[in-house]
Amino acid sequence: MTGQGAPPVISLWRDGRFSRFWAGHSVSQFGDRITELALPLIAVGALNASANQVAWLTALIWAPNLLAILLGAWVDQQVRKRRLMILADLVRAAVLLSLPAAYALGAVTLTHLYAVAILTGAAGVLFNTAYPPFFVRLVPRASFVDANSKLSASRSVSQVAGPAVGGALIQALTAPVAIVVDALTFLVSAVLIGRVRIEEPTAAAADPAALSLARRAREGLAFVVRHPVLRATLGCAATVNFFTFVAGSGLLVLFASRSLGLSAGVIGAALGAGATGALLGAVCAPAISRQLGVGRSILVGAVLFPAPIALAAAADGPLWLRAGALAAAEFLSGFGVMLFDVNLNSLQASVIPDGLRSRVAGAYSTINYGVRPVGAVVGGALATSLGLRPTLLVAAVGGALSVLWLLPSPIPRIRSLDATGGAEVAATGAADPPIPLST
């Protein structure tokens, strides 16, 4: 239900600024799929790394998110967020290019790979904390859902086609040389973002007060905890992330191979179905949001994302049925996560004040991404003690129960995003007002 007098949704297809940013985002997403394959392959193939060393490589990519709350506080003090995004892209390009250079000199080491993982992860956190203020100045509020749908669709397409393209490039060029392609995608992204002109606040408006970094970080976290919408969405998202990482792609693949007896080819096809579901979910999210409302779409996504894991866990019978159950679970889960993400990201963009966007993003990332490795460790312990099938069922049920964070909040009553700074709520009840920017 759209409020009377609310501005119409503006078509982003004719918006040159958004199109340039979208193009850069799409190109870098495909590059990321190459590096996701290439880094472990370099560790295993060139350096004969153990499974534990490869696991550390993955962990170090995520590790900088634990400091996102402080980095977000620092970013909020900076005036030019767009320049920080460009800097993050250039840093990632330079760091990645160091690998093929070292490979050509025969000087690649595991320490070098770890350094690349940490630095690219840190640059990614810088980009992600600078992005929210950039996004709300690039995209009109009425087009938040449409813009997030398009950006999520690009990510989904890269997950469908990216691994195949990356695998072919790695096979043809070797893993270190293929990383050059990812580095080039970051350069393309930096150039395109550099051509996106947005109005950013002046130095005076930014008001870089003499508060300590820790104080500003606490303000961002306190705002999240006090805000009824953000508190509920963070609790829900962190719970979903914890339990989906309890299942983890590794445990799911192990279950499909050992318990379901599926071949690598069948497992790959089934997992590809998940990316197809995510693409469909990203494309359909705006229409579903208009029908159900933003809040209810988030609720549906919060359940539909983790619950299908139970479908895979319960699979039995002939080969076609086991494979079909896994593919269906991945498809539904991919659809659910996009329904959840597109609407949740749009809602968050509408309720966070400009002066707190990067701090809130940093606090959110520290908690939301910080639970992922914890969930993975718990999943491994449960699989060892209970077995794979019960662990997947625990992940499905626990993840679906994340919706309990949302039910008592204003979110179920939010129908659409208005043009003035909040969310329109159905006549059945009014949401709590956004907490004002005050310290």
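The sequence shown begins at 1444 in the numbering used here and counts up by one.
The C-beta atom is built at its ideal place from N, Cα and C for all residues, glycine as well.
- R1858: member of the beta strand (DSSP E) spanning I1857 to S1859, first to last residue.
- In this structure, V1672 lies near L1790, with their beta-carbon atoms less than 8 Å apart.
- The Cβ neighbour count for T1827, taken over all protein chains shown within 10 Å, is under 16; the residue is labelled exposed.
- Just so you know, the alpha carbons of F1578 and A1757 end up roughly 42 Å apart.
- Scanning the segment 1510-1537 from its first residue to its last, the whole alpha helix (DSSP H) runs of 4-plus residues come out as 1511-1520.
- In the three-state scheme derived from DSSP, where H, G and I count as helix and E and B as strand, S1702 is classed as coil.
- In the DSSP annotation of this structure, the continuous segment of the alpha helix (DSSP H) that includes D1625 starts and ends at A1618 to G1637.
- Take the alpha-carbon of A1772 and the one of L1695: they are about 11 Å apart.
- By the C-beta criterion, the segment 1801-1821 is judged not to be in contact with the segment 1726-1742, since fewer than 3 inter-stretch pairs fall below 8 Å.
- The segment 1766-1844 contains, as complete alpha helix (DSSP H) runs of 4+ residues, the segments 1800-1829 and 1831-1843 (chain order).
- The beta carbon of N1786 is closer than 6 Å to those of S1732, V1737, S1740 and I1741 in its chain, skipping five residues each way along the sequence.
- When only Cα atoms are considered, S1808 and P1761 end up about 42 Å apart.
- Within the model, the alpha-carbon separation for V1846 versus R1659 is close to 30 Å.
- Take A1502, set aside five residues on each side of it, and the residues of its chain with a beta-carbon closer than 7 Å to its own are P1816, in chain order.
- Of all alpha-carbon atoms in A1750, R1800 and L1510, the one lying nearest the alpha-carbon of G1777 is that of A1750.
- Taking each of A1680, I1529 and W1517 in turn and checking the Cα distance to H1468, the smallest one comes out for I1529.
- If you look at T1478, you'll find it in the alpha helix (DSSP H) that goes G1459 to L1484.
- The Cβ atoms of G1744 and V1780 lie closer than 8 Å to each other.
- For G1549, the secondary structure class from DSSP, reduced to helix, strand or coil, is coil.
- In the structure shown, L1503 falls within a helical segment according to DSSP collapsed to helix, strand and coil.
- Rounded to whole angstroms, the gap between the alpha carbons of A1489 and V1709 is 28 Å.
- With a threshold of 16 other beta carbon atoms within 10 Å, W1763 falls short and is exposed.
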